[in-house]
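As you go down the protein sequences, you meet chains A and B in turn.
Reading the first sequence from the start, the letters are residues 1 to 312 in the UniProt record's numbering.
Reading the second sequence from the start, the letters are residues 1 to 264 in the UniProt record's numbering.
Each residue gets a CB set at the ideal place from its N, CA and C atoms; glycine is no exception.
Some notes on the structure that comes next.
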Amino acid sequence: MAAPMELRCWGGDWGLPSLHPESLTVMAYAKFSGAPLIVSAINNSWRAPKEEVPVLISEDTVISQPAKILNFLRKQKYNADYELSAKQGADTLAYIALLEEKLLPALLHTFWVEAENYCSVTKPWFASKAAFPLSLYLPGKKSREALNRILLTRGGPPHYSLTEVEAQIYREAKECLNLLSKRLGTSQFFFGNTPTTLDAFVFGFLAPIYKVCFPRVQLQEHLRQLPNLCRFCDDILTCYFRLTVSGHFPAGQDTADANLQKLTQLVNKESNLIEKMDDNLRKSPQHPPRKLTTLKLAAGGEGSSPLNRLSP
Amino acid sequence: AAAEPWPENAALYQQLKDEQILLSDNASSLAVQAFLQMCNLPIRVVCRANAEYMSPSGKVPFIHVGNQVVSELGPIVQFVKAKGHSLSDGLDEVQKAEMKAYMELVNNMLLTAELYLQWCDDVTVEEITHPRYGSPYPWPLNRILSYQKQWEVRRKMKAIGWAGKTLPQVLEDVDQCCQALSQRLGTQPYFFNKQPTELDALVFGHLFTILTTQLITDELSEKVKNYSNLTAFCRRIEQQYFEGHDKDSSATSAARSAKRSLLR
């Protein structure tokens with residue numbers, strides 16, 4: 001067994017282990033392939049912008065991009081694609097390219113460029129994870145990089161204004177989601193019953209759209225209309241991510257829900273107890289005369305003979 | 001049902017075949033030509049030095065049909081479909097999703113690798129790209145235009161994270177892409193068995209251009225030649241759709257002239 005490897009990445013919220021699509025992809029792949037990974041979320045650290053997150057640190061090697069990290073894990077014999085045929089491996093590459101070309105621009109836009117989303121959700125969250133004064137600089141830098149990427153890859157003529165580009169990228173993203181939904185169909189994962197690299201990538205891209213609560217949510221609304229994709233995300237979250245007990249990712253709504261559940265159970269127990277006490281009180285021997293009187297009145301002949309026998 | 005008939009004088013515009021056009025543009029143009037041949041729609045190829053500027057999206061090739069101008073393979077496929085001709089109607093939903101995914105793979109990996117090789121590899125830039133790109137124009141315009149284009153392409157490469165890649169890494173990516181295409185094609189004649197689709201046209205355009213264009217080294221074409229079913233695929237499409245037609249629009253003559261003129 002190799003020494004445990006450390007993954008430094010952005011932490012999570014809203015029920016997700018991470019908000020960053022690439023970090024999420026690597027985490028999901030590690031879970032699928034059984035790689036022992038210690039996840040350390042970036043929190044109040046100065047190191048955030050210098051490394052290209054997510055970063056895998058294993059003994060002396062430091063590896064940074066998701067594709068390279070997955071290659072490294074495969075070389076360490078943690079391979080989730082073991083049972084795939086050559087054609088399925090080719091399909092994986094093709095679908096990953098589809099995700100990057102069609103879905104990623106809209107994802108970046110929702111997180112970093114859409115003004116309401118950025119100001120009310122993304123910026124405060126990422127700023128809270130970095131130390132002051134890095135927190136003032138980092139979200140702005142990422143936002144500018146995202147806008148740059150969108151404009152350079154999608155923003156040429158005939159789209160001359162940002163609104164036209166936005167309309168185009170959301171249209172393409174919705175089409176991409178439809179294609180993924182058709183490809184997934186009714187099966188549990190993309191290639192049968194075991195999750196593979198493609199499932200990790202799709203999960204990494206879809207889960208942030210699905211779970212994070214934004215004010216402007218057109219992509220999320222579209223995703224919710226595709227129930228098999230929602231079920232896919234939920235399945236992976238429940239099967240592969242809720243089982244960690246050591247708290248590798250910051251508590252989100254999960255513990256709040258758990259506490260609420262415990263409280264409800266406690267209240268239920270209490271009320272059951274109170275009902276039982278009530279019953280006991282009613283059945284207790286404080287009211288025997290009433291009962292005997294009723295017996296006498298109800299069944300006069302039968303009740304009286306034992307009483308007659310008892311009385312001397 | 002077909003809407004309006006396809007006019008006789010439909011034209012496809014690209015840059016000058018012998019002196020100006022670059023690897024990536026030639027690939028895109030050939031893909032569109034192959035697609036139209038597969039749909040049996042006649043088109044003549046017109047070479048103009050300022051084709052890039054005439055195009056509505058700034059990219060070549062573009063077609064001029066009737067009074068409409070459409071550029072790039074994606075919109076052209078949709079335009080042709082609106083006219084009632086389509087190659088992918090026989091595919092079911094899952095196959096259509098696969099086709100779109102593979103087309104994105106080619107765009108994402110092959111096209112980007114071609115652009116990288118042309119504009120970010122210093123040797124190729126100095127010896128092939130700069131001389132060719134501005135060749136129809138007088139000095140200093142030719143140098144200004146090609147430096148401007150180089151700056152644009154390098155910015156885009158930086159934004160998508162390819163600027164940090166080295167040439168061996170890019171060639172490795174090309175190899176991975178070709179391996180995926182080869183595995184998907186297998187022993188079938190076309191990607192979706194019996195009938196060619198726009199995916200076949202796109203793959204043909206890129207692979208044929210890579211195989212027949214002479215660059216500084218043969219590393220790029222060697223990567224494709226490693227996969228024999230891909231080279232057989234290209235030869236098959238060339239023979240079926242390009243030989244025996246007009247020399248003007250045939251890929252073979254374009255390839256021959258490309259071979260001669262790209263020898264530097």
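One question on the structure: do residue i and residue j come within less than 8 Å of each other, judged by their Cβ atoms?
i	j	result
A/Cys-213	A/Trp-14	yes
B/Ser-24	B/Glu-126	no
A/Pro-208	A/Leu-7	no
A/Leu-84	A/Ala-35	no
B/Gln-20	B/Tyr-116	no
A/Ile-150	A/Pro-215	no
B/Cys-178	B/Lys-149	no
A/Ala-86	B/Gln-183	yes
B/Met-38	B/Pro-196	yes
A/Pro-66	A/Ile-38	no
A/Ala-94	A/Ala-200	no
A/Leu-99	A/Phe-205	yes
B/Phe-191	B/Leu-185	yes
A/Pro-139	A/Thr-122	yes
A/Ser-92	B/Ala-159	Note that residue 92 of chain A is Thr in the sequence shown here, rather than Ser. No, they are not a contact pair.
B/Leu-230	B/Ala-31	no
B/Met-109	A/Ala-97	yes
B/Cys-234	B/Leu-215	no
B/Ala-180	A/Ala-90	yes
8 Å is my cut-off, CB to CB: does residue i come that close to chain A?
i	result
B/Tyr-116	no
B/Leu-207	no
B/Met-109	yes
B/Glu-219	no
B/Gln-15	no
B/Val-45	no
B/Arg-155	yes
B/Ala-180	yes
For residue i, return the contacting residues in chain A, with the cut-off set at a CB-CB distance below 8 Å.
i	result
B/Gln-183	Ala-86, Lys-87, Gly-89, Ala-90
Could you have a look at residue i and say whether DSSP puts it in helix, strand or coil?
i	result
B/Gly-90	coil
B/Gln-14	strand
B/Leu-73	helix
A/Glu-217	Residue identity differs from the one stated: residue 217 of chain A is Val in this sequence, not Glu. DSSP places A/Val-217 in coil when its eight states are reduced to three.
B/Asn-142	helix
A/Glu-164	helix
B/Thr-187	coil
A/Phe-249	Only weak support is given to the placement of A/Phe-249: the predicted model assigns it a pLDDT of 42, under 50, and the question is left unresolved by the model.
A/Phe-190	coil
A/Arg-154	helix
A/Thr-61	strand
B/Glu-4	coil
B/Gln-78	helix
B/Cys-39	coil
A/Ala-130	strand
B/Val-45	strand
B/Phe-233	helix
A/Cys-9	strand
A/Ser-40	strand
B/Gln-62	Correcting the residue type first, residue 62 of chain B is Phe in the shown sequence and not Gln. B/Phe-62: strand per DSSP, three-state reduction.
B/Asn-9	coil
B/Gln-68	strand
For residue i, decide whether its Cβ has a neighbour in chain B, counting only Cβ atoms nearer than 8 Å.
i	result
A/Tyr-95	yes
A/Trp-14	no
A/Thr-153	yes
A/Arg-224	no
At a CB-CB cut-off below 8 Å, which residues of chain B make contact with residue i?
i	result
A/Glu-101	Glu-104, Asn-107, Asn-108
Residue i versus chain B: which residues are under 7 Å apart at the beta carbon?
i	result
A/Leu-179	Ala-97, Lys-100
A/Arg-149	Ala-159, Ile-160
Name the chain B residues that come within less than 9 Å of residue i, Cβ to Cβ?
i	result
A/Arg-183	Glu-93, Val-94, Ala-97, Glu-98, Ala-101
A/Leu-98	Ala-97, Lys-100, Ala-101, Tyr-102, Met-103, Glu-104, Leu-105, Asn-108
>> Against chain A, which members of the segment 143-175 of chain B pass a CB distance test of less than 7 Å?
In response: Taking a C-beta cut-off of 7 Å against chain A, the contacting residues of the segment 143-175 of chain B are Arg-155, Lys-156, Ala-159, Ile-160, listed in chain order.
> Closer than 8 Å, Cβ to any Cβ of chain A: which residues of the segment 71-104 of chain B, in chain order?
Replying inline: Taking 8 Å as the Cβ-Cβ cut-off, the segment 71-104 of chain B approaches chain A at Glu-93, Val-94, Lys-96, Ala-97, Glu-98, Lys-100, Ala-101, Tyr-102, Glu-104, given in chain order.
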